[in-house]
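Asks: This structure is in structure tokens; I'll ask about it shortly.
Number of protein chains: 4
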Amino acid sequence: MTKKKSKKELILEAGLELFFEKGFEKTTIDDIINLAECGKGTFYRYFSNKDSLLEELENVFVTTLSKEIQKNCCSTMGLKEYLTASLNTFLSVFKQHQRLGLIRFEREQRLNLEARRASFDKVLPNIHALRDYITNAIKTGVVRQVDPENVVGMVLGVAHFYLVRDFKLGKPFSPKELEDSVDIILYGVAKS
Amino acid sequence: MTKKKSKKELILEAGLELFFEKGFEKTTIDDIINLAECGKGTFYRYFSNKDSLLEELENVFVTTLSKEIQKNCCSTMGLKEYLTASLNTFLSVFKQHQRLGLIRFEREQRLNLEARRASFDKVLPNIHALRDYITNAIKTGVVRQVDPENVVGMVLGVAHFYLVRDFKLGKPFSPKELEDSVDIILYGVAKS
Amino acid sequence: MTKKKSKKELILEAGLELFFEKGFEKTTIDDIINLAECGKGTFYRYFSNKDSLLEELENVFVTTLSKEIQKNCCSTMGLKEYLTASLNTFLSVFKQHQRLGLIRFEREQRLNLEARRASFDKVLPNIHALRDYITNAIKTGVVRQVDPENVVGMVLGVAHFYLVRDFKLGKPFSPKELEDSVDIILYGVAKS
Amino acid sequence: MTKKKSKKELILEAGLELFFEKGFEKTTIDDIINLAECGKGTFYRYFSNKDSLLEELENVFVTTLSKEIQKNCCSTMGLKEYLTASLNTFLSVFKQHQRLGLIRFEREQRLNLEARRASFDKVLPNIHALRDYITNAIKTGVVRQVDPENVVGMVLGVAHFYLVRDFKLGKPFSPKELEDSVDIILYGVAKS
DNA sequence: GATGAATGAGCATTCATTCAT
DNA sequence: CATGAATGAATGCTCATTCAT
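Heads up: the sequence lines are chains A, B, C and D, in that order. Its first residue numbered 117, the first sequence is counted upward by one per residue in the numbering used here. Its first residue numbered 117, the second sequence is counted upward by one per residue in the numbering used here. Its first residue numbered 117, the third sequence is counted upward by one per residue in the numbering used here. Its first residue numbered 117, the fourth sequence is counted upward by one per residue in the numbering used here.
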């Protein structure tokens, strides 16, 4: 029993597809309604303008990321386990919603300076969970005295690198690589 | 003796300023010639179109990055020294040319899938230098058996994180933070 | 026992209100059904299109004017009395239906040249009554040899002036002013 | 040596023609540029939008009216002479610029209540000259004790009537009619 | 070299109208 | 009777680009 998709859903899907494929600016309303197979009026029934379609798409993304972090990264996990879970979650959600993640980034670039900074706040809560874990791990002596933000930066940076590499060079990250990355964060690269 | 700037220079400067401030798409030729205080015809004397102005701006950036890497990161340096130099160079060039760095990224998003991938190649040589160094360091036993690409990713990721944080939250990276980051990459976060 | 207004009445009222407030062209069907609190289909049940709603509103106005002229301006009245009654009736009906009167005018402007001229005929009968009275008054020697049309023009002109002044400057006409106007039409402004 | 009309002049002429012929709302930018034989960009080079074209057309009208009143109606004229001159000027300027006069009126109807009232001020100065003359004529005993505004209203009213009649019924006013109208204003219609 | 008037393809958005429920 | 989702033709406006001076 496949429920017939609503016009709004079709438009959301078409927007995601096209913004990703052609970029936000280069995507026209005509492109969208052609792909969604609906009239132009229908688009404006559900979205007040092109920007608001993007906004709705973005919200889906941020919400998903938030949920997954809460589901996968539990503060009672061990250090290695937690780092792996964090990295995994970031990577899988971004990968799964790869388009949205990248569209988000692009959108920020389109905004003016002021607005760009403001928009950063949406993702911050997801980062805080990781920082809090590390801070606590330092207190309990599991992690040595380092700046927690530094660690957060490293995890995010690694995630970002893998995603870009996957996207640009078509070379996806392997579980082995993830494991190795966590290993490096934990024990460093220097031969003891 | 202040040399009077040529019209072309004025246009390049105006383009950099405006692409950064308003984004490439939202910047009009009129915006540019108003800021550069020249006629519309003059713009088209020096640049065949808006894209080619951006391209010229980009080339300046890539060239600078390349030169700086060659100048600062010498393969005879020690591991810690080399990692620090790499990170430093990435950060300082991006920071110095922050606008261009970010405009570059945006531009890629504007391109279609195909073109986006192609454009990645321009930065690659700069990354290869770092990878080659690590590969060699593994051979000489200074670095333990890890995937060199993993290390490259970590360095780039860290650089990226600091730049975004600086840009978005206005919190610049300190020398201490750089040192700590290298320290983590070398020895990890885990309490031995 | 307040009769619940029918949907059609609600739409007519909303149309009058909005055409006057925003102008015919700027009023949308959505505006109307929102104010009338009914569905879009309901509008089209009672009116075949936006124009026909205006037409129906107009008819109410012309009918009212006609009735009032017949009621108030009797051909057996004396000259002064008749002129006063005519002026009064024009002013009160237009004032009472001020919105419709003004909407009428606007609508004519919207029509093309051809249609505009045709629409004039609707009001003509009301003017004719006055002209006939004057013509007759000349015959009976009450009025001196003047062009009756000239007199009609003067009465209409005065009415028009007061209405516009009231509408634009918020300065309504007083009974004294009406009396004075009739006095001038009867005896002129020159000091005898 | 016929000077070639500038594009802007062509657009102004086309606008006047079309606003009059089809009404402001029904006239499209495409209509205008087709008639003016220029590109759409050219329209927007000279006028920021459709409204501003109308505004410019209006200004020409008000300016002309002002100039003509000053030229033709001198406060040293006798009463009959002045009234005739006033009426003549109103009628000839409106007739000459008939389209603009009527477009002005229409425009006001398009505006919302607030704006409509404000726009009235533009014509007022032209009316004041007449009022001042009458006020003075009462002081000098040439005109009997009447409300000057009443007289102004009558003159404007008569002018309005003749214009509408000309426009709607294609029956233009004759010099004889003008003379008669002034005669009525001076001496009234009643048989003494 | 330098200029800016002229251009028109392209786009977002509006809104009267239809029709299935 | 009543509704409102769906429609798409129509329109105002933008802006990169050309070219005559």
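All C-beta atoms, glycine included, are put in the ideal place defined by N, C-alpha and C.
Check each residue of the segment 136-160 of chain B: if its Cβ is closer than 9 Å to any Cβ of chain A, include it; give the result in chain order.
Replies: 136, 137, 138, 139, 140, 141, 142
Asks: What residue from D:205, D:300, D:296 has the CA that sits closest to residue 187 of chain D's CA?
Replies: D:205
Asks: Please name the residue, chosen from A:146, A:194, A:273, A:288, that lies closest to residue 165 of chain A on a Cα-to-Cα basis.
Replies: Looking at the Cα atoms, A:146 is the closest of the given residues.
Asks: Starting from residue 211 of chain C, find everything on chain D with Cβ-Cβ shorter than 9 Å and list it in chain order.
Replies: Per Cβ cutoff of 9 Å: no residues; residue 211 of chain C is ~15 Å from chain D at best.
Asks: Is it a yes or a no for the segment 169-184 of chain A touching the segment 123-135 of chain A, going by three-plus beta-carbon pairs under 8 Å?
Replies: Enough Cβ pairs lie closer than 8 Å, so yes.
Asks: Indicate whether at least one CB of chain C lies closer than 9 Å to the CB of residue 131 of chain D.
Replies: No, residue 131 of chain D lies away from the interface with chain C (no Cβ there is under 9 Å from its Cβ).
Asks: Let's test the definition: count the other Cβ atoms within 10 Å of the Cβ of residue 244 of chain B and tell me whether it reaches 16, buried, or not, exposed.
Replies: exposed
Asks: Kindly give me the distance between the Cβ atoms of residue 200 of chain B and residue 298 of chain B, rounded to whole angstroms, as I take these residues to be in contact under 8 Å.
Replies: 5 Å
Asks: Taking a Cβ distance cut-off of 7 Å, strictly less, list which residues of the segment 254-275 of chain D are near chain C, in chain order.
Replies: 257, 258, 259, 260, 262, 263, 266, 267, 269, 270, 272, 273, 274
Asks: Can you confirm whether residue 306 of chain B, when its beta carbon is compared against all beta carbons of chain A, has any partner nearer than 9 Å?
Replies: yes
Asks: Just the C-alpha distance for residue 281 of chain C and residue 268 of chain D, rounded to the nearest angstrom, thanks.
Replies: Linking residue 281 of chain C to residue 268 of chain D through their CA atoms gives a straight-line distance of about 12 Å.
Asks: Going by C-alpha to C-alpha distance, which of B:294, B:265, B:122, B:183 sits closest to residue 154 of chain B?
Replies: B:122
Asks: At 7 Å on the CB atoms, spell out the chain B contacts of residue 248 of chain A, in chain order.
Replies: Those within 7 Å of residue 248 of chain A in chain B number zero; the least Cβ separation is about 15 Å.
Asks: Once the 5 residues before and after residue 248 of chain B are set aside, which same chain residues still bring their CB inside 7 Å of it?
Replies: Here the set comprises nothing.
Asks: Less than 6 Å between C-beta atoms, sequence neighbours within five positions excluded: which residues of the same chain meet that for residue 211 of chain D?
Replies: none
Asks: Around the C-beta of residue 184 of chain A, are 16 or more other C-beta atoms found within 10 angstroms, so that it is buried, or is it exposed?
Replies: Classification of residue 184 of chain A: buried, given that the 10 Å Cβ count is 16 or more.
Asks: Any idea what DSSP makes of residue 305 of chain D, helix, strand or coil?
Replies: coil
Asks: Is residue 176 of chain A helix, strand or coil when you go by DSSP?
Replies: helix
Asks: Mind checking whether residue 274 of chain D and residue 273 of chain C have CB atoms under 9 Å apart?
Replies: yes
Asks: If I measure Cβ to Cβ from residue 271 of chain A and keep anything under 8 Å in the same chain, skipping five residues before and after, which residues do I get?
Replies: The residues are 199, 202, 203, 206, 246, 301.
Asks: For my contact list, residue 256 of chain B and residue 264 of chain B are in at a C-beta cut-off of 8 Å; report their separation, rounded to the angstrom.
Replies: Residue 256 of chain B to residue 264 of chain B, Cβ: 13 Å. No contact.
Asks: Alpha carbon to alpha carbon, what distance is there between residue 149 of chain C and residue 157 of chain C?
Replies: Between the C-alpha atoms of residue 157 of chain C and residue 149 of chain C there is a straight-line separation of about 9 Å.
Asks: Within 9 Å (strictly less), CB to CB, does residue 202 of chain D reach chain C?
Replies: Look at residue 202 of chain D: its C-beta is not under 9 Å from any C-beta on chain C.
Asks: For the segment 288-302 of chain A, which residues have a CB atom closer than 8 Å to at least one CB atom of chain B, in sequence order?
Replies: 293, 296, 297, 299, 300, 301, 302
Asks: If you follow the alpha helix (DSSP H) that residue 165 of chain A is part of, which residue opens it and which one closes it?
Replies: In the DSSP assignment, residue 165 of chain A falls outside any alpha helix (DSSP H) and carries neither an H nor an E.
Asks: Between C:254, C:260, C:195, which lies nearest to residue 295 of chain C when the distance is taken from Cα to Cα?
Replies: C:195
Asks: My guess is that residue 178 of chain C and residue 305 of chain D are in contact by the Cβ rule of under 8 Å, so how many angstroms apart are they, rounded?
Replies: Incorrect: roughly 28 Å between the Cβ atoms, too far for contact.
Asks: Give the range of the alpha helix (DSSP H) segment to which residue 147 of chain A is assigned.
Replies: 145-152
Asks: On the DSSP bridge assignment, give the partners of residue 259 of chain C in chain order.
Replies: D:306
Asks: Counting only the same chain and skipping the five closest in sequence on each side, list residues whose C-beta sits under 7 Å from that of residue 242 of chain D.
Replies: Result list for residue 242 of chain D: 181, 182, 185, in chain order.
Asks: Cα separation between residue 291 of chain A and residue 161 of chain A?
Replies: 44 Å
Asks: Just the Cα atoms here: how many angstroms apart are residue 127 of chain B and residue 168 of chain B?
Replies: 12 Å
Asks: Buried or exposed: residue 189 of chain A, going by 16 or more other Cβ atoms within 10 Å of its Cβ?
Replies: buried
Asks: Roughly how many angstroms lie between the CA atoms of residue 197 of chain B and residue 191 of chain B, to the nearest whole one?
Replies: 10 Å
Asks: Would residue 207 of chain B count as contacting chain A if we go by Cβ distances under 9 Å?
Replies: no
Asks: Report yes or no: is there a C-beta of chain D within less than 9 Å of the C-beta of residue 195 of chain C?
Replies: yes
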